[in-house]
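Asks:
Chains as they are written, first to last, in my numbering: chain A, -13 to 180; chain B, 1151 to 1380.
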């Protein structure tokens, strides 16, 4: 009973807090950069993980800010670690399976998607941790829960509406509350079609 | 399919082509510039118009005589309208008119395209049917499949001011009267994204056909493509 009450409250909060969220369009330009062009703080952070796989470095340029991203695979999972341009770690994203989410969280996300889309399909889920550098480093080295970290979920969803099918990036809080919605704008593909 | 598998397939196809080139066969060499204009319309519709011209610079037999006289061959004008039918797919249909040696050739085109966005590159599959009619030849019906990969040379996607590698591989099944022929095309191109609305590509358009009836013809066209969003 308590479980259902909890879920209902989450749904209600989700509904009340998110009704004004409007999808923004997402523009990002990313380009590959060499390890030697990455701030030393960021390189040291990645080196301290002692990874077996290759790390790819990218410069991401959004409309308002730039960041540096390290991408790699570790234990069959894709990792993406974002740094500011000075090399301070900002967040860690790990690609996970939809099934790995807590039932209550899945219900909240599902509830929101059902409201927004006639039909939807979850394409990708990433768990996102943000906090201070030692805590993020600990999170990357162990599977244990680190209490001071903020956890969010980035969900890429194929969403069918009455007139079109589009891809959206939703960001949910740990409680399943939607924080932002971005419509992913595809790059032109006419040179691949004709 | 990962990059390694794609590379293996490309190498196998190249080896096959090299094998056929070594036989006593004919070839053509020339230029194939094209201009593509695309416009997005309302309600997921779009329109593409293309002008393509073919110029012959040299032809002949491998290990035989070569004709090095420049010859203008043909010009194609096409108009295709397309409708997005899924997140990554589009159906399209249109008409092409060909001006060749003072005669007109008419072609009707239907196509279905899926563009896959993978982690480090894009892959497009094109299924195309066309019907060609002219006064001096019997109608020709073709069923074509083309796979195109776009590999960014900087980062995980092609942004403005960046180069990319584009590789087309197409298989064309042609039925004309009682004859069947298979043409294979391999087109490696180096592309440059000037801004999100203009792209330039330069490369080689290699075509091989008539190899099923031991009369293999190889065509090597220098391809220069402009893609403009208007």
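Note that CB positions come from ideal geometry on N, CA and C, so glycine has one too.
Reducing DSSP to helix, strand and coil, say where residue 1374(B) ends up.
Replies: By 1-based counting over the second chain, the position of residue 1374(B) is 224. Strand.
Asks: Give me the Cα-Cα distance between residue 1204(B) and residue 143(A), rounded to the nearest whole angstrom.
Replies: Within the second chain, numbered from 1, the residue matching residue 1204(B) stands at position 54. Within the first chain, numbered from 1, the residue matching residue 143(A) stands at position 157. Spanning the two alpha carbons is a distance of roughly 45 Å.
Asks: If you run the structure through DSSP and keep just helix, strand and coil, what is residue 178(A)?
Replies: Looking up residue 178(A) in the first chain gives position 192. Of the three classes helix, strand and coil, the one that applies to residue 178(A) here is helix, per DSSP.
Asks: Please determine, among 39(A), 93(A), 107(A), 170(A), the residue with the shortest C-alpha to C-alpha distance to residue 62(A).
Replies: Mapped onto the first chain, residue 62(A) falls at position 76. Selected option, being the one with the closest Cα: 39(A).
Asks: With a threshold of 16 other CB atoms inside 10 Å of the CB of residue 1214(B), please say whether the residue is buried or exposed.
Replies: Position 64 of the second chain, counting from 1, holds the residue named residue 1214(B). Per the 10 Å Cβ criterion, exposed.
Asks: By alpha-carbon positions, which one of 1302(B), 1287(B), 1304(B) ends up nearest to residue 1328(B)?
Replies: Here residue 1328(B) refers to the residue found at position 178 of the second chain. Answer by Cα proximity: 1287(B).
Asks: Indicate whether residue 1227(B) and residue 1246(B) have their beta-carbon atoms separated by less than 8 Å.
Replies: Translated into the one-based positions of the second chain, residue 1227(B) becomes position 77. Translated into the one-based positions of the second chain, residue 1246(B) becomes position 96. Yes.
Asks: Counting only beta-carbon separations shorter than 8 Å, does residue 1371(B) have a partner in chain A?
Replies: For the purposes of this step, residue 1371(B) is identified with residue 221 of the second chain, where counting begins at 1. No, residue 1371(B) does not count as interfacial toward chain A.
Asks: Please classify residue 1240(B) as buried or exposed, where buried requires at least 16 neighbouring CB atoms within 10 angstroms.
Replies: Counting from one through the second chain, the residue named residue 1240(B) turns up at place 90. Per the 10 Å Cβ criterion, buried.
Asks: So which of 37(A), 26(A), 42(A) has the shortest CA-CA distance to residue 17(A)?
Replies: Translated into positions along the first chain, residue 17(A) becomes position 31. Ranking 37(A), 26(A), 42(A) by Cα distance to residue 17(A) puts 42(A) first.
Asks: With 8 Å set as the bound, which would you pick, yes or no: does the beta-carbon of residue 1253(B) sit closer than that to a beta-carbon of chain A?
Replies: As a first step, residue 1253(B) is located in the second chain; it is residue number 103 there, counting from the start. Not one chain A Cβ lies under 8 Å of residue 1253(B).
Asks: I want to verify the contact list: residues of chain B whose CB lies under 7 Å from the CB of residue 156(A), in sequence order.
Replies: Mapped onto the first chain, residue 156(A) falls at position 170. By Cβ distance, chain B contributes nothing, its closest Cβ being about 16 Å from residue 156(A), past 7 Å.
Asks: Using a 10 Å radius around the Cβ and a threshold of 16 neighbouring Cβ atoms, would you call residue 1362(B) buried or exposed?
Replies: In the second chain, counting from the first residue as 1, residue 1362(B) sits at position 212. Counting Cβ neighbours within 10 Å, residue 1362(B) comes out exposed, since fewer than 16 surround it.
Asks: Who are the Cβ neighbours of residue 103(A) in its own chain at under 8 Å, not counting the five residues just before and after it?
Replies: Residue 103(A) sits at position 117 when you count from the first residue of the first chain. Once the five neighbours on either side are set aside, the close Cβ partners of residue 103(A) are 143, 145, 146, 147.
Asks: Give the residues of chain B in contact with residue 44(A), contact being defined as C-beta atoms less than 9 Å apart.
Replies: As a working mapping, residue 44(A) is identified with position 58 in the first chain. The contacting residues are 1305, 1306.
Asks: Give me, in chain order, the residues of the same chain whose beta-carbon lies closer than 8 Å to that of residue 54(A); leave out the 5 immediate sequence neighbours on both sides.
Replies: If you number the first chain from 1, residue 54(A) lands on position 68. Correct list, in chain order: 19, 24, 25, 28, 43, 44, 45, 46, 68, 69, 70, 71, 73.
Asks: Please tell me whether residue -2(A) has its Cβ less than 8 Å away from any Cβ of chain B.
Replies: Against the first chain, residue -2(A) aligns to sequence position 12. Its pLDDT being 42, under 50, residue -2(A) is placed unreliably in this model, and the coordinates cannot settle the point.
Asks: Please list, in chain order, the chain B residues whose beta carbon lies closer than 9 Å to that of residue 40(A).
Replies: Numbered from its first residue, the first chain carries residue 40(A) at position 54. Per Cβ cutoff of 9 Å: no residues; residue 40(A) is ~13 Å from chain B at best.
Asks: Among the candidates 1333(B), 1306(B), 1191(B), whose CA atom is the shortest distance from the CA of residue 173(A)?
Replies: The residue labelled residue 173(A) in the question sits at position 187 within the first chain. When each option's Cα is compared against that of residue 173(A), the closest is 1306(B).
Asks: Please list the residues of the stretch 129 to 158 of chain A that have a C-beta atom closer than 8 Å to any C-beta atom in chain B, keeping them in chain order.
Replies: For the stretch 129 to 158 of chain A, which is checked against every Cβ of chain B, the residues closer than 8 Å are 144, 149, 150, 151, 152, 153.
Asks: Is the Cβ of residue 99(A) closer than 8 Å to any Cβ of chain B?
Replies: Here residue 99(A) is taken as the residue at index 113 of the first chain, counted from 1. Not one chain B Cβ lies under 8 Å of residue 99(A).
Asks: Just list the residues that DSSP pairs residue 1356(B) with in beta bridges.
Replies: If you number the second chain from 1, residue 1356(B) lands on position 206. Answer by DSSP bridge pairing, in chain order: 1336(B), 1370(B).
Asks: Check the Cβ-Cβ distances between residue 110(A) and every residue of chain B, and say whether any is below 8 Å.
Replies: Mapped onto the first chain, residue 110(A) falls at position 124. Not an interface residue.
Asks: Which residues mark the beginning and the end of the beta strand (DSSP E) in which residue 1184(B) is found?
Replies: Mapped onto the second chain, residue 1184(B) falls at position 34. From DSSP, the beta strand (DSSP E) with residue 1184(B) extends over 1176 to 1190.
Asks: Does residue 21(A) come out as helix, strand or coil in the three-state DSSP assignment?
Replies: Here residue 21(A) refers to the residue found at position 35 of the first chain. Helix, per DSSP.
Asks: Measure the Cβ-Cβ separation of residue 1308(B) and residue 1300(B) and say whether it is below 8 Å.
Replies: For the purposes of this step, residue 1308(B) is taken as the residue at position 158 of the second chain. For the purposes of this step, residue 1300(B) is taken as the residue at position 150 of the second chain. Result yes, Cβ atoms of residue 1308(B) and residue 1300(B) sit closer than 8 Å.
Asks: Would DSSP call residue 1294(B) helix, strand or coil?
Replies: Against the second chain, residue 1294(B) aligns to sequence position 144. Looking at residue 1294(B) - three-state DSSP - the assignment turns out to be strand.
Asks: Answer yes or no: does any C-beta atom of chain A fall closer than 8 Å to that of residue 1287(B)?
Replies: Reading the second chain from its first residue, position 137 is the one you call residue 1287(B). For residue 1287(B), the answer is no, since every Cβ of chain A falls outside 8 Å of its Cβ.
Asks: Return the chain-ordered list of same chain residues with a C-beta closer than 8 Å to the C-beta of residue 151(A), the five sequence neighbours on each side being excluded.
Replies: One-based indexing of the first chain puts residue 151(A) at position 165. Result list for residue 151(A): 144, 145, in chain order.
Asks: Quick one: does residue 16(A) have its CB under 8 Å from some CB of chain B?
Replies: On the first chain, position 30 is the one that residue 16(A) refers to. Output row for residue 16(A): interface = yes.
Asks: Output needed for residue 125(A): all residues of its chain with C-beta closer than 7 Å, excluding positions within five of it in sequence on either side, in chain order.
Replies: The sequence position of residue 125(A) within the first chain is 139, counting from 1. Once the five neighbours on either side are set aside, the close Cβ partners of residue 125(A) are 78, 115, 132, 135.
Asks: Identify whether residue 1276(B) lies in helix, strand or coil by the three-state DSSP scheme.
Replies: Indexing the second chain from 1 puts residue 1276(B) at position 126. Residue state, collapsed to three classes: strand.
Asks: Indicate whether residue 1340(B) and residue 1374(B) have their beta-carbon atoms separated by less than 8 Å.
Replies: As a working mapping, residue 1340(B) is identified with position 190 in the second chain. As a working mapping, residue 1374(B) is identified with position 224 in the second chain. Cβ atoms of residue 1340(B) and residue 1374(B): not closer than 8 Å.
Asks: Tell me which residues share the same chain as residue 149(A) and place their Cβ nearer than 8 Å to its Cβ, disregarding the 5 neighbours each side in the sequence.
Replies: Stepping through the first chain from its first residue, residue 149(A) is reached at position 163. Result list for residue 149(A): empty, nothing under 8 Å.
Asks: Counting only the same chain and skipping the five closest in sequence on each side, list residues whose C-beta sits under 7 Å from that of residue -9(A).
Replies: Numbered from its first residue, the first chain carries residue -9(A) at position 5. Below a pLDDT of 50, predicted positions are generally treated as unreliable, and residue -9(A), at 45, falls in that range; no measurement from the model is reported.
Asks: Does DSSP put residue 29(A) in a helix, a strand or coil?
Replies: Residue 29(A) sits at position 43 when you count from the first residue of the first chain. DSSP places residue 29(A) in helix when its eight states are reduced to three.
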